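Colleague: In our numbering, the protein residues as written are 904 to 1042. Note that beta-carbon positions come from the ideal geometry of N, C-alpha and C, so glycine has one too. Remember, it's a predicted structure, so these values are computed and weren't measured experimentally.
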């Protein structure tokens, strides 16, 4: 959780966001923001995959390569869905910065990410509860 919050702070530093006043608008600061985001992003990926595999085993999937393949395939599909959809959003941010000189695009991007994470967590919790109920009823 700390890595996710720090990644969000790194994103807000990139730009910088008007939500955090007093941040310098310099190249070195953007590089620092990217280093913070990039170094902690790997931690979030590793822990997410580990939790998904543990969850798959807990709901009764076998501990073999087919489970790992299923989890990795679903994770990669979800992970690459974001860049596929956000390509148009990135273009909109560029137009916003180029034409209107606004610097709220990074804050908007972080807000959209937070909303998506909350929705995904709620959906995952609902799916896990449904699976557990079905397993309990069947057994």
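1) Do you know whose CA, among 962, 984 and 946, lies nearest residue 1041's CA?
2) In whole angstroms, give me the CA-to-CA distance for residue 927 and residue 909.
3) Helix, strand or coil: how does DSSP classify residue 960 here?
4) Grab the span of the alpha helix (DSSP H) containing residue 923 for me, first residue to last.
5) Could you tell me the boundaries of the alpha helix (DSSP H) in which residue 918 lies?
6) Counting beta carbon pairs with one atom in the stretch 909-919 and one in the stretch 931-950, are three or more of them shorter than 8 Å?
7) Which same chain residues, not among the five before or five after residue 1020, have their C-beta less than 7 Å away from its C-beta?
8) Taking DSSP as the reference, what is the three-state secondary structure of residue 869?
9) If we count the other Cβ atoms within 10 Å of its Cβ and call it buried at 16 or more, is residue 977 buried or exposed?
Modeller: The structure says:
1) 962
2) 18 Å
3) helix
4) Premise fails: residue 923 is in no alpha helix (DSSP H) and is neither H nor E.
5) First-last for residue 918: undefined, no H or E at that position.
6) yes
7) none
8) Residue numbering for the chain in the displayed model covers 904 to 1042; residue 869 lies beyond these limits and cannot be assessed.
9) exposed
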